[in-house]
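Just below is one structure, and these are the notes that go with it.
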Ligand code: SF4
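Chains as they are written, first to last, in my numbering: chain Z, 21 to 640; chain C, 750 to 890.
Structure (structure tokens):
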């Protein structure tokens with residue numbers, strides 16, 4: 021058997037209350053590796069695309085990859101996958117934390133959860149086996165409470181849980197691992213809620229996935245540790261967390277302001293930045309299992325209206341969406357909003373984007389105070405925002421309209437709302453403005469879960485955090501506000517970066533180490549003997565498989581489009597006067613990717629990548 | 750008339766250019782502390798020895814700007830080290846200094862969050878550096 025794998029997968033049917041194991045052959049593992057790529061393959065092979073995403077027929081897959089549990093830096097990750105209730109297309113959301121390695125040590129590479137339980141349940145997987153137990157007493161409680169309650173019996177277990185948002189089928193609901201790590205995007209918490217599955221609890225100690233080459237692994241591990249030690253990026257992440265981007269991004273035009281209508285708000289950024297969080301509210305840095313970078317923030321707010329106990333702090337995305345996007349200069353309010361979203365179990369990007377949309381419509385008079393149940397949703401009014409966050413999770417009042425995300429909300433609200441939403445394929449864009457970085461615009465258009473900064477390494481390559489000329493022809497430094505040469509950069513950064521979610525390695529670690537080191541560690545674990553070309557073609561297969569999945573659900577060229585707001589230039593800030601050249605980007609990208617006029621992978625591309633069954637389905 | 754790079758005359762010209770810049774004073778109002786640039790030798794490009802440059806910045810003003818020895822360079826609040834070719838790329842704006850740092854092409858000793866917080870000041874002094882009429886050691890002029 022290939023190295024690095026536990027060797028079996030768990031299939032649980034909650035309708036029947038049954039479970040069993042299944043295995044996959046080495047050839048399948050070598051071609052689809054693990055994580056979200058293997059999940060997409062399993063979905064296409066075994067499940068119907070016709071089922072409503074919130075129906076029992078939509079499987080929820082929790083998948084690790086071969087590097088998970090190896091001890092290599094950044095490989096604590098796992099991907100949660102399903103068809104998205106928010107977008108209707110492929111959904112995957114990778115998460116760090118503690119859950120992945122423990123799941124692997126129970127002897128499973130992944131879990132596929134089917135059906136729907138009659139009432140709330142917890143799924144427990146540990147060394148002694150699998151159990152489905154009643155979770156009625158946990159239903160209705162938030163993620164922090166549930167995690168504490170479960171850990172009160174055994175603090176060594178690792179917990180994946182949903183909060184009220186998932187229970188209430190908010191299509192922006194997230195799944196939390198041990199309070200501080202989230203599978204946030206595309207509504208996977210609602211899929212879990214639709215199954216009446218409150219929590220998945222794992223504790224694995226016995227199973228150990230053998231490595232193909234222990235000595236080779238030790239060497240790669242040593243090299244990686246040294247590279248991380250030498251990396252200014254890793255140092256910056258450790259000191260400032262992902263919010264190190266706030267100051268830098270405001271200069272370059274990366275940070276969206278006032279629902280994507282403004283830029284150049286340097287004082288605002290400074291108030292919300294990683295250095296400010298470090299100076300004022302950071303109590304310690306925290307790491308996912310086996311990560312020397314420790315980019316996670318633990319914060320505490322002692323004074324003011326938004327005091328919080330010591331707990332997980334916000335990432336950059338949250339600081340932007342509850343900060344600059346809402347014209348809120350108060351970092352303590354962002355920390356509070358982050359805590360609320362964590363507790364209720366909601367994706368901060370989607371939740372914040374929906375609220376920022378509502379703020380804009382309120383300013384325009386398209387939403388009245390009456391409709392908001394008396395809330396004054398003026399820019400920067402964080403008391404009102406925090407009330408609305410709760411209403412969204414519980415689908416109360418106006419919160420019900422926003423609970424399915426900004427696009428669903430805009431459809432219900434009408435007026436100018438749809439023009440004010442920045443999304444691709446139904447998923448709100450993360451907090452990186454494509455007007456400042458045109459390659460990111462293309463990456464948003466072509467990412468298989470909708471607008472996304474985590475299905476590729478474009479953030480690293482276009483913004484200059486990493487340069488990998490040994491992988492593909494690239495420059496040390498790209499100008500953000502040009503579309504020239506970006507299709508090539510995006511195409512290759514996708515082919516490499518998409519592997520993060522199949523190998524299951526953190527983006528930040530992959531940015532900090534050389535591709536040679538990642539390749540060597542991967543080979544030492546699996547024994548696959550991949551060279552760079554093999555890695556990149558595995559990435560191509562991954563991307564093409566998911567594209568085909570989406571094509572089968574009706575996605576085509578018409579959906580590869582940036583929204584009107586992004587195609588409207590800003591007047592100030594680092595991205596002033598700039599919009600991506602969509603035609604150029606798409607024309608060049610389509611040629612590189614081998615997409616036809618409809619936006620489908622061409623037959624010869626599918627055959628070359630060994631996706632024969634997908635070809636049959638797309639071309640029947 | 751171009752000035753030979755990384756000489757005292759060049760440092761004087763750089764300092765004068767910063768002082769003359771209409772925006773510098775306000776952009777750099779919060780910056781305090783000296784910066785050293787260490788240029789690694791590259792004999793093939795006519796840089797036979799390491800070069801040490803010391804620059805003192807203080808709340809929008811500039812103080813000592815000198816070519817110095819290793820000891821003085823290392824006394825600075827921030828010490829940035831890199832190969833000659835990288836520094837030249839930075840001066841020509843072919844390589845952004847922050848990106849060079851993140852990619853490991855330049856190394857820095859000092860308070861990274863402070864630099865991030867004051868990134869506009871960093872960008873401004875590099876911008877001005879590019880405007881000094883310079884004769885580089887490997888230029889064939
Ligand atoms: S860099 Fe941060 S997110 Fe990535 S594995 Fe380390 S601690 Fe987790």
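The C-beta atom is built at its ideal place from N, Cα and C for all residues, glycine as well. These numbers were taken from a predicted model, which means no experiment stands behind them.
Chain-ordered chain C contacts of residue i [CB-CB under 8 Å]
i, result
"residue 486/Z", "851, 852"
"residue 295/Z", "862, 863, 865, 866"
Chain Z contact residues for residue i, given Cβ-Cβ distances below 8 Å
i, result
"residue 845/C", "484, 497"
Contact list for residue i against chain C, beta-carbon separation under 7 Å
i, result
"residue 453/Z", "Those within 7 Å of residue 453/Z in chain C number zero; the least Cβ separation is about 17 Å."
"residue 253/Z", "851"
"residue 298/Z", "862"
Three-state class that DSSP yields for residue i in the structure shown
i, result
"residue 178/Z", "strand"
"residue 775/C", "helix"
"residue 602/Z", "helix"
"residue 465/Z", "helix"
"residue 630/Z", "coil"
"residue 790/C", "coil"
"residue 15/Z", "What is shown of chain Z runs 21 to 640, which leaves residue 15/Z out entirely."
"residue 62/Z", "helix"
"residue 346/Z", "helix"
"residue 203/Z", "strand"
"residue 359/Z", "helix"
"residue 2/Z", "With chain Z represented from 21 up to 640, any question about residue 2/Z goes unanswered, as that position is not in the structure."
"residue 290/Z", "helix"
"residue 565/Z", "helix"
"residue 41/Z", "strand"
"residue 366/Z", "strand"
"residue 375/Z", "helix"
"residue 418/Z", "coil"
Chain Z contact for residue i (CB, 8 Å cutoff)
i, result
"residue 857/C", "yes"
"residue 787/C", "no"
"residue 848/C", "yes"
"residue 764/C", "no"
"residue 869/C", "yes"
"residue 872/C", "yes"
Same chain, Cβ closer than 8 Å to residue i, five either side skipped, listed in chain order
i, result
"residue 300/Z", "351"
"residue 543/Z", "232, 233, 236, 549, 550"
"residue 248/Z", "93, 254, 312, 313, 529, 532, 533"
"residue 485/Z", "253, 479, 531"
CB contact check: residue i to chain C, cutoff 8 Å
i, result
"residue 70/Z", "no"
"residue 264/Z", "yes"
"residue 271/Z", "yes"
"residue 317/Z", "no"
"residue 174/Z", "no"
"residue 335/Z", "no"
"residue 351/Z", "no"
"residue 257/Z", "no"
"residue 267/Z", "yes"
"residue 314/Z", "no"
"residue 513/Z", "no"
"residue 31/Z", "no"
"residue 260/Z", "yes"
"residue 113/Z", "no"
"residue 598/Z", "no"
"residue 432/Z", "no"
"residue 274/Z", "no"
"residue 290/Z", "yes"
"residue 287/Z", "no"
"residue 493/Z", "no"
Chain-order list of residues whose beta-carbon lies under 6 Å from that of residue i (same chain, five-residue window excluded)
i, result
"residue 890/C", "For residue 890/C, the predicted model reports a pLDDT of 49, less than 50, meaning its position is unreliable; a value from the coordinates is still stated below. So the qualifying residues of the chain are 884."
"residue 382/Z", "397"
"residue 55/Z", "83, 85, 99, 521, 522, 524"
"residue 309/Z", "96, 118, 121"
"residue 594/Z", "271, 272, 273, 456"
"residue 52/Z", "58, 61"
"residue 599/Z", "455, 587, 589"
Contact list for residue i against chain Z, beta-carbon separation under 9 Å
i, result
"residue 720/C", "As shown, chain C starts at 750 and ends at 890. That puts residue 720/C outside it, with no answer to give."
"residue 821/C", "Result: empty, since nearest Cβ-Cβ is about 24 Å, beyond 9 Å."
Close beta carbons around residue i, own chain, < 7 Å, minus the five adjacent residues each side
i, result
"residue 623/Z", "635, 639"
"residue 49/Z", "22, 25"
"residue 449/Z", "442, 443, 464, 471"
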